[in-house]
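K.L.:
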């Protein structure tokens with residue numbers, strides 16, 4: 245299996261509505277996946293619920309990776325995600341991400357910090373698991 249990266253994961257999760265969410269999750273995340281975003285931990289089930297919610301809100305978007313490092317099973321990047329919601333609001337969020345990969349190349353754990361660059365203050369909540 246080719247190791248995943250944030251671009252492929254985000255594109256499959258958020259920007260390819262024809263791709264089944266379960267398939268996208270299995271492609272990029274292990275069954276025991278955990279994520280901490282701005283100090284809040286979630287498991288794969290709550291992460292999937294969050295992505296389902298985002299898919300219902302987002303019309304389109306793109307990701308721009310500024311820095312990306314891989315060292316064995318460790319992965320880190322700095323990226324910006326731009327989202328356009330169905331209501332027309334556009335937001336840009338910068339993300340600092342550190343991850344542990346499983347031996348098969350999928351994300352096992354992600355810890356990230358986010359910063360809303362442009363958009364409404366409510367748009368900052370798009371990146372948070374609820």
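Numbering (our numbering), first residue to last: 245 to 374.
Where a beta carbon is used, it is the ideal one built from N, C-alpha and C, also for glycine.
Just so we're clear, the structure is a prediction, and the values are computed from it rather than from any experiment.
(1) Residue 309 and residue 362: beta carbons closer than 8 Å?
(2) Near residue 334, what residues of its chain come up, given a Cβ to Cβ distance below 8 Å and the 5 sequence neighbours on each side ignored?
(3) Could you pull the DSSP bridge partners for residue 323 from this structure?
(4) Which of helix, strand or coil does DSSP assign to residue 248?
(5) With H, G and I counted as helix, E and B as strand and the rest as coil, what does DSSP make of residue 256?
(6) Just to confirm the assignment, what range does the beta strand (DSSP E) spanning residue 375 have?
(7) My output table needs one value for residue 278: the three-state DSSP class, helix, strand or coil.
(8) Let me know if residue 294 comes out buried or exposed under the rule of 16 or more other beta-carbons within 10 Å of its beta-carbon.
(9) What are the residues that DSSP puts in a beta bridge with residue 273?
(10) Rounded to a whole number of angstroms, what is the C-alpha to C-alpha distance between residue 288 and residue 352?
(11) Do residue 311 and residue 322 count as a contact pair if the criterion is CB distance below 8 Å?
(12) In whole angstroms, what is the alpha-carbon distance linking residue 341 and residue 263?
(13) Take residue 303 and list the residues in its own chain whose beta-carbon comes closer than 7 Å to its own, dropping the five residues that flank it on each side.
(14) For residue 332, count neighbouring Cβ atoms within 10 angstroms of its own Cβ and tell me buried if that reaches 16, exposed if not.
P.N.:
Looking at the coordinates:
(1) For the purposes of this step, residue 309 is taken as the residue at position 65 of the chain shown. For the purposes of this step, residue 362 is taken as the residue at position 118 of the chain shown. For residue 309 and residue 362, no; Cβs fall outside 8 Å.
(2) Within the chain shown, the letter at position 90 stands for residue 334. These residues qualify, in order along the chain: 326, 327, 328, 362, 363.
(3) The residue given as residue 323 occupies position 79 in the chain shown. DSSP, once it has assigned bridges, lists 309, 339 as partnering residue 323.
(4) Reading the chain shown from its first residue, position 4 is the one you call residue 248. In this structure, residue 248 counts as coil in the three-state DSSP scheme.
(5) Translated into positions along the chain shown, residue 256 becomes position 12. Three-state result, residue 256: helix.
(6) This structure leaves residue 375 out entirely; the chain is present only between 245 and 374.
(7) In the chain shown, residue 278 corresponds to position 34, counting from 1. Here residue 278 sits in strand by DSSP.
(8) As a first step, residue 294 is located in the chain shown; it is residue number 50 there, counting from the start. The residue is buried, with at least 16 neighbouring Cβ atoms inside 10 Å.
(9) Against the chain shown, residue 273 aligns to sequence position 29. Note: residue 273 sits in a beta bridge opposite 351.
(10) By 1-based counting over the chain shown, the position of residue 288 is 44. By 1-based counting over the chain shown, the position of residue 352 is 108. For residue 288 and residue 352, the distance between alpha carbons rounds to 10 Å.
(11) To locate residue 322, count along the chain shown from 1; it is residue 78. To locate residue 311, count along the chain shown from 1; it is residue 67. Taking 8 Å as the Cβ cut-off, residue 322 and residue 311 qualify as a contacting pair.
(12) Your numbering for residue 341 matches position 97 in the chain shown. Your numbering for residue 263 matches position 19 in the chain shown. The straight-line gap from Cα to Cα measures roughly 24 Å.
(13) Position 59 of the chain shown holds residue 303. Same-chain partners within the cutoff: 328, 329, 330.
(14) Locating residue 332 in the chain shown gives position 88, counting from the first residue. Burial call: exposed.
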